[in-house]
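A.B. asks: Here the sequence shown is numbered in our numbering, starting from 876 and rising by one per residue. Cβ atoms here follow ideal geometry from the backbone N, Cα and C, with glycine treated the same way. Before I ask anything, here is the structure I am working with.
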Amino acid sequence: MRGSVQLIAWLLLLAAGALAVLHLLPRSQLLSKTVVVAASLIPYGLPLAIIGLLLLAVTGSRPLALVLAGAVLLAHILIARPYWPARAPTPPEEPITVMTMNMRCNSPGAEDLARLLRESAPDVAVINGLDPRSRDDIIGELAERYPTAEFVPLPTYPVCGTVLLTHLPFDGWVAGQRHPTALLRAPGFEFALVAVDFPTPTHGLGPWLDAFDGLIEDMPSHTGRSVVAIGDFNAVPEHEPMRRLRKETALRNAVLESGLGWLPTFPDDRAYPPLVALDHALVTPDLVASSAWTASVPGQAHRALLLTVGPT
């Protein structure tokens, strides 16, 4: 029995160690689609390491084994630092609420999405993957609340795409951008809103990485301007392109940088809670999020992400 428990402990620690290596050597994540998927589980290395260390401790393992397990645990404690509780930032004087949701060109839940939009009343909503029927119904039903309803078709499936809903003054789309970018005016500040809907890496790493490269290339054109990039990045904060995006641009994860914790958004159509955070809002340093939350849309795999943002 003791040997079986220790074997389980070492298997858990081996998995946790592998996840730590994927974090410490981010380029290793790009070896294959399978490795990219595995890297999305990096936050789970912490509980794996804790359980592994406890199992070794209660079975009277040798001190060296406990030291090795402790080293793996320490690595994951440091990796998890962005999720540590932090003091809430000072709320902006005139914040706006922004929302994103990916319907994945799948109509179930359209009525619930419309209800969520009415009840939460975000100032700006980026809705990915709206099929024609859902798009027409939602735009028509919420026309009074959102006089601006702009549709951007998916390049590979033009009948479906992203809809930008807002009641804020809309100054048009920025030309020459790799990703749809709108200019909006909120009370007290103006900003560029990048509507993000990146391809999934499980369909190929090339298009996924190209989408991140495109956003990196777009950012210099927004020098001196506030930016909110929001939508489905199909990546967790630990993924290599997300970390490279943070390193090479001024964009910061609004939820994590404001100490608002971990908000997984996918999958939401299983018997268990969502496991990974794929939907994000990235902002320039002159903006801050004072609150963030998710909401379920029945029949959909993604949860909606909502947050309040404003000038620092």
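1. Out of A914, A932, V1069 and H1177, which has the shortest C-alpha to C-alpha gap to F1087?
2. Taking all protein chains shown into account, do 16 or more other C-beta atoms lie within 10 angstroms of the C-beta of T1041, making it buried, or fewer, making it exposed?
3. So L1138 packs on V1130, CB below 8 Å; how close in whole Å?
4. Looking only at its own chain, which residues have a Cβ that is under 6 Å from the Cβ of M1117, when we skip the five neighbours before and after it?
5. With H, G and I counted as helix, E and B as strand and the rest as coil, what does DSSP make of P1028?
6. Is DSSP giving V1069 helix, strand or coil here?
7. For S1096, count neighbouring C-beta atoms within 10 Å of its own C-beta (all shown protein chains included) and say buried if the count is 16 or more, exposed if not.
8. Check whether the stretch 1155-1166 and the stretch 1121-1136 are in contact - that is, three or more C-beta pairs closer than 8 Å.
9. Does the separation of the CB atoms of F1017 and R993 fall below 8 Å?
10. Mind the definition here: the stretch 929-944 touches the stretch 876-892 only if three or more C-beta pairs lie below 8 Å; say whether that holds.
11. Is N1003 closer than 8 Å to M974 when the C-beta atoms are compared?
12. Please name the residue in V1034, F1026, G1036 and A996 whose C-alpha comes closest to that of E1019.
13. Give the list of continuous alpha helix (DSSP H) stretches no shorter than 4 residues that lie fully inside the stretch 920-1001.
14. What residues in its chain sit with their C-beta under 6 Å from that of S1009, if we drop five residues either side in the sequence?
C.D. replies: Answer, in terms of the structure:
1. On the sequence shown, position 212 is the one that residue 1087 refers to. When each option's Cα is compared against that of F1087, the closest is V1069.
2. What you label residue 1041 is simply residue 166 of the sequence shown in a count that begins at 1. T1041 is classed as buried because its beta carbon has at least 16 other beta carbons within 10 Å across all chains shown.
3. What you label residue 1138 is simply residue 263 of the sequence shown in a count that begins at 1. What you label residue 1130 is simply residue 255 of the sequence shown in a count that begins at 1. Rounded, the Cβ-Cβ distance is 6 Å, consistent with contact.
4. Mapped onto the sequence shown, residue 1117 falls at position 242. Result list for M1117: A1110, in chain order.
5. Here residue 1028 is taken as the residue at index 153 of the sequence shown, counted from 1. Reduced to three states, the DSSP call for P1028 is strand.
6. Your numbering for residue 1069 matches position 194 in the sequence shown. Residue state, collapsed to three classes: strand.
7. By one-based count along the sequence shown, residue 1096 stands at place 221. Its Cβ having fewer than 16 others within 10 Å, S1096 is exposed.
8. Counting Cβ pairs under 8 Å, three or more are found: they touch.
9. The residue given as residue 1017 occupies position 142 in the sequence shown. The residue given as residue 993 occupies position 118 in the sequence shown. Rather than Phe, the amino acid found at residue 1017 in this sequence is Leu. Yes. Within cutoff.
10. Because the criterion of three Cβ pairs below 8 Å is met, the stretch 929-944 and the stretch 876-892 touch.
11. In the sequence shown, counting from the first residue as 1, residue 974 sits at position 99. In the sequence shown, counting from the first residue as 1, residue 1003 sits at position 128. It is not a contact, given that the beta carbons lie outside the stated cut-off.
12. As a first step, residue 1019 must be located in the sequence shown, where it is residue number 144. Looking from the CA of E1019, the closest CA among V1034, F1026, G1036 and A996 belongs to A996.
13. 920-933, 938-954 and 985-995
14. For the purposes of this step, residue 1009 is identified with residue 134 of the sequence shown, where counting begins at 1. Within the same chain, S1009 has close Cβ partners S982 and A985.
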